[in-house]
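Chains as they are written, first to last, in our numbering: chain H, 695 to 871; chain U, 695 to 871.
In this text, a Cβ means the ideal position worked out from N, Cα and C, and glycines have one as well.
Treat the numbers as computed from the prediction; the structure is a model and nothing was measured.
Report on the structure given below.
Number of protein chains: 2
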Amino acid sequence: MIKYAILGLLHYTEMHGYRIKEHIERNFGHMWSINYGQIYPNLKKLHDDRLITMKEVVVNGEKGPPRKLYSITDKGREEFLDWLNTSPEKPMLLRDPFLMRFVFFGFGDGKRAIEIIDEQISRYQKELARRKKNLTRWEKSGIYVRLIADLGASLNEMVLEWLKRSKKEILKNAAEK
Amino acid sequence: MIKYAILGLLHYTEMHGYRIKEHIERNFGHMWSINYGQIYPNLKKLHDDRLITMKEVVVNGEKGPPRKLYSITDKGREEFLDWLNTSPEKPMLLRDPFLMRFVFFGFGDGKRAIEIIDEQISRYQKELARRKKNLTRWEKSGIYVRLIADLGASLNEMVLEWLKRSKKEILKNAAEK
DNA sequence: TCTACCATGTAATCTGTTACATGATTGC
DNA sequence: GCAATCATGTAACAGATTACATGGTAGA
Chain H
695 MIKYAILGLL
705 HYTEMHGYRI
715 KEHIERNFGH
725 MWSINYGQIY
735 PNLKKLHDDR
745 LITMKEVVVN
755 GEKGPPRKLY
765 SITDKGREEF
775 LDWLNTSPEK
785 PMLLRDPFLM
795 RFVFFGFGDG
805 KRAIEIIDEQ
815 ISRYQKELAR
825 RKKNLTRWEK
835 SGIYVRLIAD
845 LGASLNEMVL
855 EWLKRSKKEI
865 LKNAAEK
Chain U
695 MIKYAILGLL
705 HYTEMHGYRI
715 KEHIERNFGH
725 MWSINYGQIY
735 PNLKKLHDDR
745 LITMKEVVVN
755 GEKGPPRKLY
765 SITDKGREEF
775 LDWLNTSPEK
785 PMLLRDPFLM
795 RFVFFGFGDG
805 KRAIEIIDEQ
815 ISRYQKELAR
825 RKKNLTRWEK
835 SGIYVRLIAD
845 LGASLNEMVL
855 EWLKRSKKEI
865 LKNAAEK
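Next up, the structure:
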């Protein structure tokens, strides 16, 4: 999957590994985690398969080792577009260590449960503020990127509402007993 | 992580591997996928670590091989409650091959993009209907399980709204050009 | 001098997925 | 007889995560 994310970015413009990581994190970091352990081996594989080409560039006055600029090849473009046009096989997956705990909160201490929920509320409040501020940043990046950012904010908003609703219901439920 | 899901279920009642898989799929299958390749090795590891005990049971008149009934030990309960009370370290992660494609739809064929979005809309419509029908099923399972089911439905609803909104905006955007 | 950041990468480990293999029973 | 379901499991592979190692430059 990361393979296609890389091809997609290189379809846009040539880039080196470090910059690819930055882009992936910024564009869909909230839904896809990434790290060098995936990026560099993938770049190597894509290069071996002739889907991308590489040229080493020493940028004068730039710090650090020489960059390795990768570009997509015609073969790479072809494979990328094939992938883009196929129907996604697998359904959405939501993985959240907090939700995993939440299901079992009935077994634990109710007070601690509320504390953890409050932590989540303040986390999501901060995150939502950050997202809303950044929404305008995506305006110029094209409609699809903007819509993805929009989805991120909507998800954030929905979870926050759910957290508040849940807290209320849990407290009400505890008071009734 | 699956380790704690198993401990949590066994905290509830003793169970064998096959039943654990069923439960995980039913309770949070929409957010956590599971398979035997994870269940059985995990059960073995938990047993080796003395967090659960096992007794083999042949149920008369039942089909198939003898069940291996696992129960949680005091040590297991302790570790489970410790985990339950700690703050979740990692943020929510949304992984969706459709969304991965979506970001790059600008590079592909606009008509095909609309087709794929329509596929997603009908998928989510069916799924939402199924979820809403099942919501009452969770009523008796305790407040936390019910709230998780509620979150699942809310997520589903939100994504569906977003898909419809996106389709409209994309068509409008295409018409303007 | 020390920290932060740019930029490359690898090795070990952990986690998850797919695809098998076995075998009994129930119902069509 | 055959398909479906219950129930056990493993091997191979794919994918993700963590933790290192290297080394240069800019700025406090």
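Taking 8 Å as the CB threshold, U/H705 lines the interface with chain H. Within the region 855-869 of chain U, the residues whose Cβ lies closer than 7 Å to some Cβ of chain H are W856, S860, E863, I864, N867, listed in chain order. Here U/T747 is bridged, per DSSP, to U/S765. Under DSSP, H/M709 shares a beta bridge with H/Y764.
Between the C-alpha atoms of H/G836 and U/N850 there is a straight-line separation of about 25 Å.
For U/R825, the enclosing alpha helix (DSSP H) starts and ends at 804-828. Each of H/R713, H/N721, H/E870 was checked against the Cα of U/R795, and the nearest Cα belongs to H/N721. DSSP places H/R831 in no alpha helix (DSSP H); its state is neither H nor E.
U/S816 is outside the set of residues whose beta carbon lies under 8 Å from a beta carbon in chain H.
For U/N867, the number of other beta carbons within 10 angstroms of its own is below 16, and it is reported as exposed. Beta-bridge partners assigned by DSSP to U/L787: H/R789. When the five nearest sequence neighbours on each side are left out, the beta carbons in the same chain lying within less than 6 Å of the beta carbon of H/H724 are those of G846, in order along the chain.
The beta carbon of H/I728 sits no closer than 8 Å to any beta carbon of chain U. Around the C-beta of U/D803, fewer than 16 other C-beta atoms lie within 10 Å, and the residue is accordingly described as exposed. Taking 7 Å as the cut-off between beta carbons, the residues of the region 784-802 of chain H near chain U are K784, M786, L787, L788, R789, D790, P791, F792, L793, M794, R795, F796, V797, F798, F799, G800, F801, G802, in sequence order.
Taking a Cβ-Cβ cut-off of 7 Å, the neighbours of U/R806 in chain H comprise N779, given in sequence order. Just measuring C-alpha positions, the residue of H/L703, H/R806, H/W832 sitting nearest H/I864 is H/R806.
For H/Y838 and U/D844, the gap between their C-alpha atoms comes out near 29 Å. The beta carbons of H/W777 and H/Y712 sit no closer together than 8 Å. The Cβ of U/N721 sits closer than 8 Å to at least one Cβ of chain H. Taking each of U/Y764, U/N736, U/I733 in turn and checking the Cα distance to U/T747, the smallest one comes out for U/Y764.
With contact defined as three or more Cβ pairs closer than 8 Å, the region 784-800 of chain U and the region 699-707 of chain H are in contact. When the five nearest sequence neighbours on each side are left out, the beta carbons in the same chain lying within less than 6 Å of the beta carbon of H/K762 are those of H710, M748, E750, in order along the chain. H/D743 counts as exposed, since fewer than 16 other beta carbons sit within 10 angstroms of its beta carbon.
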